[in-house]
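Protein chains in written order, with the working numbering: chain U, 1 to 556; chain E, 1 to 556.
The beta carbon of each residue, even a glycine, is placed where N, CA and C say it ideally should be.
2 protein chains.
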Amino acid sequence: MKSDIEIARAAARRPIWEIGEGLGIPAEFLEPYGNDKAKVATPFIESLHERPNGKLILVTAISPTPAGEGKTTTTVGLGDGINRIGKKAVICLREPSLGPCFGVKGGAAGGGHAQIVPMEDINLHFTGDFHAISTAHNLLAAMIDNHIHWGNEQGLDPRRVTWRRVMDMNDRALRDIVCSLGGVANGYPRETGFDITVASEVMAILCLAEDLEDLERRLGNIIVGYRRDKSAVTARDLKADGAMATLLKQAVKPNLVQTLENNPAFVHGGPFANIAHGCNSVIATKTALKLADYVVTEAGFGADLGAEKFFDIKCRMAGLKPDAVVLVATIKALKMNGGVAKEDLGREDVAAVERGCANLGRHLENIGQFGVPAVVAINHFTSDTAAEIDFVKAYVAELGAKAIVARHWEEGSAGIEDLAREAVALADSGTASFSPLYPDDLSLFKKMEAVVRRIYRGAHVAASEAVLAQLVEWEEKGFGHLPVCMAKTQYSFSTDPHRRGAPAGHTVPVREVRLSAGAGFIVAICGEIMTMPGLPKEPAAEKIRLNAEGLIEGLF
Amino acid sequence: MKSDIEIARAAARRPIWEIGEGLGIPAEFLEPYGNDKAKVATPFIESLHERPNGKLILVTAISPTPAGEGKTTTTVGLGDGINRIGKKAVICLREPSLGPCFGVKGGAAGGGHAQIVPMEDINLHFTGDFHAISTAHNLLAAMIDNHIHWGNEQGLDPRRVTWRRVMDMNDRALRDIVCSLGGVANGYPRETGFDITVASEVMAILCLAEDLEDLERRLGNIIVGYRRDKSAVTARDLKADGAMATLLKQAVKPNLVQTLENNPAFVHGGPFANIAHGCNSVIATKTALKLADYVVTEAGFGADLGAEKFFDIKCRMAGLKPDAVVLVATIKALKMNGGVAKEDLGREDVAAVERGCANLGRHLENIGQFGVPAVVAINHFTSDTAAEIDFVKAYVAELGAKAIVARHWEEGSAGIEDLAREAVALADSGTASFSPLYPDDLSLFKKMEAVVRRIYRGAHVAASEAVLAQLVEWEEKGFGHLPVCMAKTQYSFSTDPHRRGAPAGHTVPVREVRLSAGAGFIVAICGEIMTMPGLPKEPAAEKIRLNAEGLIEGLF
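Right, dumping it as structure tokens:
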């Protein structure tokens, strides 16, 4: 069996301007990065304003397990599939983070015969967007310490600086540091640390901004810390917003690449799916909607986190109206959700599939609460049995939806035609009447309750007095209209990653709340959230190298 | 008077493939980054091997002063000038560092009518080379702490880790830090810090590597620290070399841009000129030599540091044979070297010019020691008087060379024809018989003495017993054949930056020596060397922003 990278390298790529041409982007509005990647120039994007929008299809998944659901692979496959059945579709994906590629082997550009290329570049430096985001983020950090060093006119309390630094690297040694040691010339020592770049609020901002102007405005709103009187100091107070936007002037433009079947894909932005909203950029999605009849996009983690944030944060802010949802499941992941250990997944076990379907059913029901019709994609593995598949189909049918087997991983678009037809039919059906889960004017705590009760099916949100007081303070300061961004384990509806299936009635503790004033949401931390990964004992980096032909080995 | 950026924006740029075509680079071997920047593909570079080389002309300068000498501007102007007189010339420059652009206003892409474009991109992210270098450097750092965290099989002494981290940012708060705080999961706390990316040994390595294979070999040789028994641990011991080379596979390819007059320029690599050798990449210079009759390149700082390192490190390692040198001076900088204060530079002062010429004469004599003929370029300012210029011409004539006024800043190539003709004549004269200052097999200390006595005209190298013992130890371990890289103030032949002109007989203290085993030189630290700059009280970043047309303001 060929590996992903072998399949990718064997594919015939078309020059990126041809891909752009197919979308109606004139070559002069494509800024090439090599011959297989390009950014779309801003004047072209602005010229699209009056055009009608295509239909928006979200690909999300059941609760993730180590078995994998193939959400990105299905997103790519579905895009190819819709193009195959004669409709014009564009795929919108997140950009993968470079750092983790050197930890555990494996990229994030789809798999099998449903991939985007050039996958090596996409997984590494790509068009430099993440480097630009790191630089803009760290410029602000440097300006904070510089401001304090030169007299601290703003009166920033060095103990209350909340803005950390970032690096696109798995580096646990940088999680907690003391900076500014070494004497007078180096400033005032204080505790701080680094997060991985995808956790940067600048990343979330870039992905929620409507355009460069909105980007700069949001950057200015970033709260970097507080004065002794607890009033906030912003990036605008430090006059950092203009320079940060300048550093992001290329990064804000969507990146165009192609699938193995030469269909167009925008790959742009990749915020964390826990402390941020986990979707590709609004600019890419909106541009795609102007250029194609169907836009297929994905959101991070399972539907409880990814789809909820896609709806309540991205769609709410950007005024997007999704038309259909594809909920991805695999028989293996259903079995794991049904309690089967990884080593037993190869054996037929309909009872376990049945138990796992509780998870699938819950997600399907949740999606319905947003008013968007859904279809279930069974991402096919050779070990799946007819009995297992039939069970899922019947289960889903009882819930009033369809479950369709998709073989895009093995067969490319030829294996996903049925799903493509159903997704298109759903999107075209006009049955969608999207609305977010809660209104803007609900109190911040009640917004958290809404998500916990209606999506996670918990009984109760536990928050300390300090957290509740903080929420009230933010409401008083004018941040009460913001949506909430729940940072919770992706492995369970509860906050215990081991409680698979469809737990209910649990308590969700909100340990800490954070204000992302630039991105425009309140983060509720409901568990341990790691914002800087580490490398494993034998990092993938040890095996990554260029072979004699200059091709990368060990990365995938 | 138009600003640099206004002049640059008014220039008509040609598509980069046309610039490549003019050099004989087929479009399929140019990897575009936008329409005005491109990398040259490796197979094309490899195909040039058998071609004859053009002539190599180094542009260097007298000891720098705040008045500025215009070395980069003259390099660009000379390239344009040689093309203007009907010869084929390529310019080879260093890439500027992004971080400092946010400190003090001003870029590094020439000036007036002698600039390379797109100057905004070149000064900011450009083609991402520096980001790739930062990433490769920091991957190694992460792998070091990860190795220690997971059991430290190599026995690296955490107190003796010499590899720091880098960021392309002026951030004094990162100079000295304690990392790995926060408990068991974050590793073993230790002191470390960040340098600016241009100070990375990876930068020096990229600029000295012959090709990707040589790059990987050199990366493997990097010494990251020592064991308790003081034996060295290398990047190869940590299996980091392959992944680092992979991260640099694009960065190693030279970047092609154009001058305002649409002549080709390679802008590639930019190592520090104190703890490293301060020249653009060997790969770019060698590629340029295959494509043009004349290659005009520059080296950092004044000739005592820049030219010496160009000759003794870059040319020695790469087997380059320079054919001519252009030594840049300005009347203003000569006056400052003659003791005039900045506010009095506008007044005619032939006596001060005469005193300053001692500096010029010394550099000219030094260049002669390398066997390369030189011409002096007087980079013209409107305040220069005929008497001042005539004095310099006569002074230089007495030393057996010519001094030629160049008006490229005001007039572009039309103002530098005379200098171009003389530089070409010198390069074609066959009078060059280049040899480095000292042979490989001289002892490391005697190499330092050779530079101090013959170039700086000091009487004595002062080094502690510990430094001398270190040098002997390195010789015993097989590093005795390496050249030395002197890290000394650029403002004086002595180690006192205030001693302008041509001091002699001074003592040069070597406070510390460092082994750059990957780059392949021994660094001798002769004074305070700052490897991480800070931002000023009012950083340029506060004024940098995008205007309504999306153009950058406040950067230049």
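query                                                                                                                                                                         : result
Near E:M557, what residues of its chain come up, given a Cβ to Cβ distance below 6 Å and the 5 sequence neighbours on each side ignored?                                      : With chain E running from 1 to 556 in the structure shown, residue 557 of chain E is simply not present.
Does the distance from the C-beta atom of E:V340 to that of E:A387 stay below 8 Å?                                                                                            : no
Say whether chain E places a C-beta atom closer than 8 Å to the C-beta of U:Y395.                                                                                             : no
Return the residues of the stretch 164-186 of chain U that lie within a Cβ-Cβ distance of less than 9 Å from chain E, sorted by chain order.                                  : R165, M167, D168, M169, N170, D171, R172, A173, L174, R175, D176, I177, V178, C179, S180, L181, G182, G183, A185, N186
For a contact defined as C-beta to C-beta under 7 Å, what are the partners of E:K559 on chain U?                                                                              : Absent from the structure is residue 559 of chain E, since the part of chain E shown begins at 1 and ends at 556.
If you drop the 5 nearest sequence neighbours on each side, which residues of the same chain put their C-beta closer than 8 Å to that of U:I85?                               : E417, A420, R421, V424
Does DSSP put U:D195 in a helix, in a strand, or in coil?                                                                                                                     : strand
Under 8 Å, do U:T495 and U:V508 count as touching if we go by C-beta distance?                                                                                                : yes
Looking at C-alpha atoms only, which residue of U:E216, U:V233, U:R218, U:N186 is the closest neighbour of U:L156?                                                            : U:V233
How many angstroms separate the CA atom of U:I196 from the CA atom of E:I455?                                                                                                 : 47 Å
Between the stretch 245-260 of chain E and chain U, which residues of the former have CB atoms less than 8 Å from a CB of the latter, in chain order?                         : A245, T246, L247, K249, Q250
Please decide whether E:P96 counts as near chain U, where near means a Cβ-Cβ distance under 8 Å.                                                                              : no
Identify which residue in E:D344, E:F370, E:F266 has its Cα closest to the Cα of E:R316.                                                                                      : E:F370
Applying the 10 Å Cβ sphere with the 16-neighbour rule, what's the burial state of U:D304?                                                                                    : buried
Kindly indicate if chain U contains any beta-carbon less than 8 Å away from that of E:G242.                                                                                   : yes
Could you list the residues in the stretch 223-239 of chain E with a C-beta less than 9 Å from some C-beta on chain U, going in chain order?                                  : L238, K239
Which bits of chain U does E:F102 rub up against, with CB to CB less than 7 Å?                                                                                                : L139, A243
Can you give the Cα-Cα distance for E:I148 and E:P189, rounded to whole angstroms?                                                                                            : 11 Å
Assign E:K393 to one of three DSSP states: helix, strand, or coil.                                                                                                            : helix
Relative to the alpha-carbon of E:D80, which residue among E:E411, E:D440, E:D323, E:F301 has its alpha-carbon at the smallest distance?                                      : E:E411
Against U:A12, what residues of chain E qualify as contacts under a CB-to-CB distance less than 7 Å, listed in chain order?                                                   : Here the premise fails: no neighbours, minimum Cβ distance about 16 Å.
At a CB-CB cut-off below 9 Å, which residues of chain U make contact with E:T42?                                                                                              : G550
Assuming E:Y294 contacts E:A89 (C-beta within less than 8 Å), just tell me the rounded distance between them.                                                                 : 4 Å
Between the alpha carbons of U:L426 and U:K87, how many angstroms are there, rounded?                                                                                         : 14 Å
Of the residues E:G480, E:V472, E:M486, E:A199, which one's Cα is nearest the Cα of E:S134?                                                                                   : E:A199
What does the Cβ neighbour count give for U:R218, buried or exposed, with the cut at 16 atoms within 10 Å?                                                                    : buried
Counting only beta-carbon separations shorter than 8 Å, does U:E6 have a partner in chain E?                                                                                  : no
Which of helix, strand or coil does DSSP assign to E:E95?                                                                                                                     : coil
Count the other C-beta atoms from every protein chain shown that fall within 10 angstroms of the C-beta of U:S97, then say buried if there are 16 or more, exposed otherwise. : buried
Kindly indicate which residue of E:V451, E:P52, E:S429 has the alpha-carbon position closest to the one of E:P439.                                                            : E:V451
Kindly indicate which three-state DSSP category U:S516 falls into: helix, strand or coil?                                                                                     : strand
Alpha carbon to alpha carbon, how far is U:S492 from U:G501? Give it in angstroms, no decimals.                                                                               : 7 Å
Quick one: which chain E residues come within Cβ less than 8 Å of U:P32?                                                                                                      : P32, Y33, G34, N35
What are the complete alpha helix (DSSP H) segments, minimum 4 residues, inside the stretch 156-212 of chain E?                                                               : 201-208
Indicate the three-state DSSP secondary structure (helix, strand or coil) for E:Y438 in the structure shown.                                                                  : coil
Please classify E:T382 as buried or exposed, where buried requires at least 16 other C-beta atoms within 10 Å of its C-beta.                                                  : exposed
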